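Heads up: the sequence shown runs through residues 12 to 114, numbered per the working numbering.
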Amino acid sequence: MMGANALTVKDDYIRVRTNKELKKKATKIVESMQLDMSTVINMTLDQIVRHNGLPFDVTNEDEAEIQFKKLQLEVAKGTTAAKAGKVKDIDEVRALFTKLNLD
């Protein structure tokens, strides 16, 4: 694990080529968080070390495929719950909606 001093000592450089528009959009977001790109890159490097890998999922799937798989998982959970009798009667659901003013 990195020591407390690891993020404060800056003794090396990284030069990265990137897309101008991507950089512009990312910089705007980073600056809205009161950070700069150098700090964010150092935070990312720290997280790579802490996770012993990338701190986010890398996938070849597009967003629609990812959402479809999540939906399939939720349907499977619902089916399992229904088979186990862990369901609400429609009248109970309607009563809850009425109580919450969602009807």
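For every residue, glycine included, the Cβ atom is placed at its ideal position computed from N, Cα and C.
Fair warning: this is a prediction, and the values are worked out from it, not measured in the lab.
| What separation, rounded to the nearest whole angstrom, lies between the Cα atoms of Leu33 and Asn71? | For the purposes of this step, residue 33 is identified with residue 22 of the sequence shown, where counting begins at 1. For the purposes of this step, residue 71 is identified with residue 60 of the sequence shown, where counting begins at 1. Computed Cα separation, rounded: 19 Å.
| query | Which residue from Lys99, Glu76, Ser49 puts its Cα closest to that of Arg26? | reply | For this step, residue 26 is matched to residue 15 along the sequence shown. Checking every option, the nearest Cα to that of Arg26 belongs to Ser49.
| At what residues does the alpha helix (DSSP H) containing Glu42 begin and finish? | Position 31 of the sequence shown, counting from 1, holds the residue named residue 42. Here the alpha helix (DSSP H) through Glu42 covers 31-43.
| request: Below 8 Å on the Cβ atoms is my guess for Gln58 versus Pro66; work out the distance and round it to an integer in Å. | output: Walking along the sequence shown from the start, residue 58 turns up at place 47. Walking along the sequence shown from the start, residue 66 turns up at place 55. Their Cβ separation, rounded to whole angstroms, is 4 Å, which keeps Gln58 and Pro66 in contact under 8 Å.
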